[in-house]
Amino acid sequence: MDNSLSFRAIDAALTRCMEAHPPEGLERRMHPDANTMAGLWAQMLVDRVDTVPRAGINPDVMAALERWRASE
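Structure follows, in structure tokens:
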């Protein structure tokens with residue numbers, strides 16, 4: 023297993039989740055998994071990093087990513 027996670031993989035998982043569960047209501051509330059992944063996605067975008075070490079990712083974020091990663 024690769025010890026890092028790419029922005030592309032996080033973006034794909036977040037996109038799958040958002041397509042399956044679009045934001046709702048006037049406040050555009052996201053699905054809990056999308057909300058969980060969005061913080062890491064945004065931080066990587068702001069910091070302009072392509073990969074992050076898996077060991078440094080919050081376990082809740084990793085669990086959400088695993089639920090929405092592509093089937094292989």
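Residue numbers (my numbering): 23 to 94.
Every residue gets a Cβ at the ideal spot worked out from N, C-alpha and C, and that includes glycine.
If we ignore side chains and look at the alpha-carbon of each, how far apart do Cys39 and Asn25 end up? 23 Å
Here's the rule I'm using: 16 or more other beta-carbon atoms within 10 Å means buried, otherwise exposed. How should Asp82 be labelled? exposed
What number of angstroms, rounded off, separates the C-alpha of Ala31 from the C-alpha of Asn80? 16 Å
Under 7 Å Cβ to Cβ from Trp63, same chain only, skipping five residues before and after it: list those, please. Excluding sequence neighbours, Trp63 sits near Ile32, Asp33, Leu36.
Sub-8 Å separation of Pro44 and Arg51 beta-carbons: no
Report all residues from its chain with a CB closer than 7 Å to the CB of His97; omit the five preceding and five following residues, and keep chain order. Only positions 23 to 94 of the chain appear in this structure, which leaves residue 97 out of reach.
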